[in-house]
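Trainee: Take a look at this one; I'll ask things after.
There are 2 protein chains.
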Amino acid sequence: MKIPFLSCSQCRKEFPIERVHPRCSSCNEPLEVIYPRLKKGKIPSRGTMLERYQAFFPFSSIHKDLSLGEGNTPLVLSSVVGPAMGIEKLFFKNETQNPTWSFKDRGTISGLEHALSLGFKKIGTVSTGNMAVSVAAYGTRAKVDTYVLVSHGLPEEKIGPIAIYHPHFIMVEGDYGELYFKSLELGARFGIYFINSDIPFRVEGSKTIAFEICEQMDFHSPDYVVVPVSAGGNIRGILKGFEEFYRVGLIDRIPKMIASQASGCSPITNAFEEGREAIDRVPDPHTIAHAIENPFPPSGNQVLRKLKENGGTAVKVRDTEILEAQALMAKEGVFGQPAAAVPLAATKKLLASGYLKSSDSVVCIVTGGGLKYTAALGHHSFEIKTIPIEKIEEIL
Amino acid sequence: MKIPFLSCSQCRKEFPIERVHPRCSSCNEPLEVIYPRLKKGKIPSRGTMLERYQAFFPFSSIHKDLSLGEGNTPLVLSSVVGPAMGIEKLFFKNETQNPTWSFKDRGTISGLEHALSLGFKKIGTVSTGNMAVSVAAYGTRAKVDTYVLVSHGLPEEKIGPIAIYHPHFIMVEGDYGELYFKSLELGARFGIYFINSDIPFRVEGSKTIAFEICEQMDFHSPDYVVVPVSAGGNIRGILKGFEEFYRVGLIDRIPKMIASQASGCSPITNAFEEGREAIDRVPDPHTIAHAIENPFPPSGNQVLRKLKENGGTAVKVRDTEILEAQALMAKEGVFGQPAAAVPLAATKKLLASGYLKSSDSVVCIVTGGGLKYTAALGHHSFEIKTIPIEKIEEIL
């Protein structure tokens with residue numbers, strides 16, 4: 275085929291780009307978009323994210339009015355934490371400055387564009403956090419019926435920030451893991467395009483993170499990119515972005531990827547460390563980094579395959595290390611949710627182990643904003659002084 | 275003088291640019307930066323906010339490493355709310371995509387740059403909300419001692435998002451209004467540069483909102499810009515930005531400004547409606563839009579002067595209208611805190627009154643993110659369905 279198509283990430287079976295089901299009919303592994311004719315070209319300096327990178331997407335036209343201004347996030351050179359840790363070229367890719375304050379918006383608009391190109395009038399997602407917020411926001415903007423399926427018992431504090439966008443908000447009683455697969459079946463029956471965690475077009479959206487990093491570093495790749503890993507779609511996308519820019523000659527090497535997980539839920543890191551080719555389900559996941567608490571990531575095996583090919587690694591960090599990293603990152607002026615601090619915790623650990631050297635350039639992906647989960651603030655201790663106004667002088 | 279200087283916004287008395295005290299020594303009205311030699315020039319497409327607009331700032335050099343990626347926020351054309359209200363050219367300038375999720379970051383970096391250019395090693399602010407967060411974030415990044423003075427009794431939920439940046443956090447018992455003036459006196463005594471609400475360099479930071487709007491509209495000005503008004507610094511800055519671009523010939527007209535306030539605290543709108551030249555203190559302020567609940571705005575009189583000169587207007591809206599606007603704006607995919615929804619509520623009111631016409635182009639400034647004040651979500655009603663997994667089919 276000369277036009278973009280879908281290919282199984284494991285067995286390479288091919289499917290037409292119009293396919294909605296995100297997994298291979300033979301081996302059940304995730305599909306990915308393949309572009310037989312990618313070409314180097316000038317990337318426009320203006321336009322929406324999809325407009326600027328249209329040459330790397332299979333869309334013949336872009337609904338630019340659906341954009342909320344996703345992407346185009348800062349790459350912040352560390353001026354406090356990096357030097358303190360002995361690493362001069364530490365960067366934070368601050369995805370908290372997206373329209374719904376997480377990286378999810380990139381994959382949502384990409385998935386939405388695919389859904390619209392196929393004529394869908396309904397979209398949905400299965401999520402309890404950032405993805406639900408993002409899909410609800412873009413769904414209302416696109417004026418499509420939007421179905422958000424969450425598990426029964428979702429905490430009150432998570433409900434409002436999703437519900438404010440007025441999706442069809444459905445709490446489902448029953449096994450939450452089952453719901454992911456059930457949603458695909460329901461989507462096919464009821465004409466709902468489910469933009470779930472690691473579907474091929476979410477991965478396509480995430481690759482723009484890599485594109486922007488390349489542009490922001492004047493087309494010099496960093497040595498390492500550290501990503502918090504849950505379902506596995508984001509790290510797949512970021513690596514795919516570097517691979518595609520390399521393929522067309524925009525960069526001359528591909529950075530090594532570091533998959534970072536929380537010790538309380540690290541199915542990919544466990545398998546990587548044990549040299550296994552497939553992940554095992556984590557029986558009792560528990561971490562403060564709720565946004566990456568996925569016990570059986572649907573792209574887990576593919577992340578393992580890609581890490582091996584790429585030469586990167588996987589690491590896990592404890593909740594105490596995550597909270598410490600959250601505080602450290604705030605010293606930089608960057609306040610991420612706990613999951614977003616996992617890359618910095620991983621960087622610190624890998625520096626201590628000698629895997630990373632102080633001369634390496636490292637980009638940490640800060641995936642979501644600190645206000646997403648303010649309960650974590652209760653784990654930090656703060657010094658606050660109280661004083662009558664007439665006595666302020668005494669403590670200045 | 276040929277170099278930039280400070281000038282009293284009322285009596286035009288001149289002061290050197292190195293002055294820190296933000297008010298006139300004669301009439302106590304706010305000062306502003308005057309540029310005798312502004313010139314039209316090409317604005318670089320890349321760089322930090324201060325680098326791109328350096329020609330419109332008095333800084334001979336920029337500490338680019340202090341930038342967290344402030345500014346460069348999306349201008350979103352309404353595709354849902356505007357058409358529904360009968361106005362085709364309604365835009366949202368989404369300031370919630372700043373590093374600390376409010377417009378304050380623009381004025382903070384501008385004030386910080388001024389402080390550093392004068393050799394200050396300490397900065398501070400008197401604030402309970404967005405400004406405290408912003409100053410704390412930039413202060414830690416700049417490695418300067420940062421003093422945040424808040425009033426005693428600040429709710430717990432507001433403390434953590436400030437304290438995470440680890441400023442010197444001081445709760446002051448006593449009159450909060452007094453604290454603003456006290457801070458200026460303390461700043462002079464202890465060498466602390468207080469980047470308070472409407473100081474000249476906060477106003478300079480805010481003018482970049484106008485610059486970006488002009489660029490995003492291909493240098494065609496909108497007809498109206500609607501701004502939530504608290505201290506008055508932001509609307510002053512935005513208007514100043516349009517005036518400066520007009521002066522150098524980058525745009526051919528200055529939009530009319532609309533100051534929007536909450537009925538429960540509308541000192542500027544009250545004075546404007548009664549044709550007064552000075553504001554009165556609001557005795558008992560109360561509104562859900564806490565971020566603009568300032569009973570005696572320090573730039574109030576200057577806003578009145580500028581509205582008269584500009585030909586704009588002032589309007590107030592009730593809390594019910596603010597909440598309705600917050601929900602309407604979310605239908606666009608833009609979730610702002612209540613204060614950030616005040617411009618949309620004002621737009622709706624002015625359309626109904628006939629002041630705005632459906633052919634007008636209107637930009638609403640969405641000043642801060644919805645996650646800043648999640649308590650407001652309790653005022654909205656949401657429909658959430660609960661269903662067992664085996665019965666989902668029934669409601670799709």
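Residue numbers (the numbering used here), protein chains in the order written: chain A, 275 to 670; chain B, 275 to 670. Idealized CB from N, CA, C, for every residue including glycine.
1) Mind checking if H653/A is an interface residue toward chain B, Cβ cutoff 8 Å exclusive?
2) Pick out whichever of L645/B, A545/B and G343/B has its Cα sitting closest to the Cα of S384/B.
3) Tell me whether P429/A is buried or exposed, calling it buried when 16 or more other Cβ atoms sit within 10 Å of its Cβ.
4) Are the stretch 550-569 of chain A and the stretch 586-598 of chain A touching, with three or more C-beta to C-beta distances below 8 Å?
5) Does T420/B come out as helix, strand or coil in the three-state DSSP assignment?
6) At 9 Å on the CB atoms, spell out the chain B contacts of L624/A, in chain order.
7) Which residues, in order along the stretch 423-441 of chain B, keep a beta-carbon less than 8 Å from a beta-carbon of chain A?
8) Pull up the distance between the alpha-carbon of K631/A and that of G356/A, whole angstroms please.
9) Using the C-alpha atoms, what's the distance from Q611/A back to K605/A?
10) So is M323/A in contact with chain B if we call contact Cβ pairs under 8 Å?
11) Just to confirm my understanding: we take Q490/B, look at its own chain, exclude 5 residues before and 5 after, and list those with CB closer than 7 Å. What are they?
12) In this structure, does DSSP put H426/A in helix, strand or coil?
13) Pull up the CB-CB distance for V237/B and P572/B, whole angstroms please, since I reckon it's below 8 Å.
14) Would F377/B pass as a contact of E518/B if the rule is Cβ separation under 8 Å?
15) Quick check on this structure: which residue in V354/A, L364/A and N368/A has the alpha carbon closest to the alpha carbon of N346/A?
16) Can you grab the Cα-Cα spacing for the pair L558/B / A536/B, in whole Å?
17) Residues of chain C with CB closer than 9 Å to the CB of S376/B, please, in chain order.
18) Relative to the ligand ZN, is the shortest distance from any of its heavy atoms to the C-beta of Y421/B smaller than 7 Å?
19) In the DSSP assignment, what residue or residues form a beta bridge with G434/B?
20) Considering Cα atoms alone, identify which of S627/B, Y647/B, M603/B and D379/B is closest to S471/B.
21) For P502/A versus P373/A, is the C-beta spacing smaller than 8 Å?
22) Give me the Cβ distance between Y412/A and T382/A, rounded to the nearest whole Å; I'm assuming they're in contact under 8 Å.
23) Who are the Cβ neighbours of R297/A in its own chain at under 7 Å, not counting the five residues just before and after it?
24) Note down, in chain order, each residue of its chain lying with its Cβ closer than 8 Å to the Cβ of E567/B, except the 5 sequence neighbours on either side.
25) Assuming Y421/B and H440/B form a contact by the criterion Cβ under 8 Å, report the distance between their Cβ atoms to the nearest whole angstrom.
26) Taking the CB atoms as reference points, tell me whether E595/B and A614/B lie closer together than 8 Å.
27) Curious, which full-length beta strand (DSSP E) runs of at least 3 residues does the stretch 282-348 of chain A contain?
28) Against chain A, with Cβ distances strictly below 8 Å, would A552/B count as a contact?
29) Are the C-beta atoms of M445/A and some chain B residue less than 8 Å apart?
30) At what residues does the alpha helix (DSSP H) containing S384/A begin and finish?
31) Enumerate, from N- to C-terminal direction, the unbroken beta strand (DSSP E) stretches of 3 or more residues contained entirely within the stretch 521-562 of chain B.
32) In whole angstroms, give me the CA-to-CA distance for I336/A and E387/A.
33) Taking a Cβ distance cut-off of 7 Å, strictly less, list which residues of the stretch 354-370 of chain B are near chain A, in chain order.
34) Looking at the unbroken beta strand (DSSP E) that takes in Y672/A, where does it start and where does it end?
35) Report buried or exposed for A599/B, applying the criterion of at least 16 other Cβ atoms within 10 angstroms of its Cβ.
36) Quick check on G511/B - is its C-beta less than 8 Å from some C-beta in chain A?
Mentor: This is what the structure holds:
1) no
2) G343/B
3) exposed
4) yes
5) In the three-state reduction of the DSSP assignment, T420/B falls in the strand class.
6) Chain B residues near L624/A: none, gap ~24 Å exceeds 9 Å.
7) Those residues of the stretch 423-441 of chain B that come within reach of chain A (Cβ to Cβ, closer than 8 Å) are L423, H426, E431, I433, G434, P435, A437, I438, Y439 and H440.
8) 12 Å
9) 14 Å
10) Chain B, which has no Cβ nearer than 8 Å to the Cβ of M323/A, makes this no.
11) L349
12) coil
13) For chain B, the structure presents residues 275 to 670; residue 237/B sits outside this window and is missing.
14) no
15) N368/A
16) Position check: residue 558/B holds Asp in this sequence, whereas Leu was assumed. The alpha-carbon atoms of D558/B and A536/B are separated by roughly 13 Å.
17) Of the protein chains in this structure, namely A and B, none is chain C.
18) Absence of the ligand ZN is noted for the structure shown, with no ligands found whatsoever.
19) DSSP, once it has assigned bridges, lists no residue as partnering G434/B.
20) D379/B
21) no
22) 5 Å
23) Sequence-distant partners of R297/A (beyond 5 residues in either direction) whose C-beta falls short of 7 Å from its own C-beta, in its chain, are E303, P304 and L305.
24) S504, A536, G538, C539, P559, H560 and T561
25) No, Y421/B and H440/B are not in contact; Cβ-Cβ is about 12 Å, not under 8 Å.
26) no
27) 288-290 and 305-308
28) no
29) yes
30) K378 to S391
31) 530-536
32) Those two C-alpha atoms are separated by around 7 Å.
33) Listed by position, the residues of the stretch 354-370 of chain B near chain A (Cβ gap below 7 Å) are V354 and N368.
34) Absent from the model: residue 672/A. The displayed extent of chain A is 275 to 670, so no value can be given.
35) Looking at its Cβ environment, which holds 16 or more other Cβ atoms inside 10 Å, A599/B is buried.
36) Taking Cβ atoms only, chain A never reaches closer than 8 Å to G511/B, which makes this a no.
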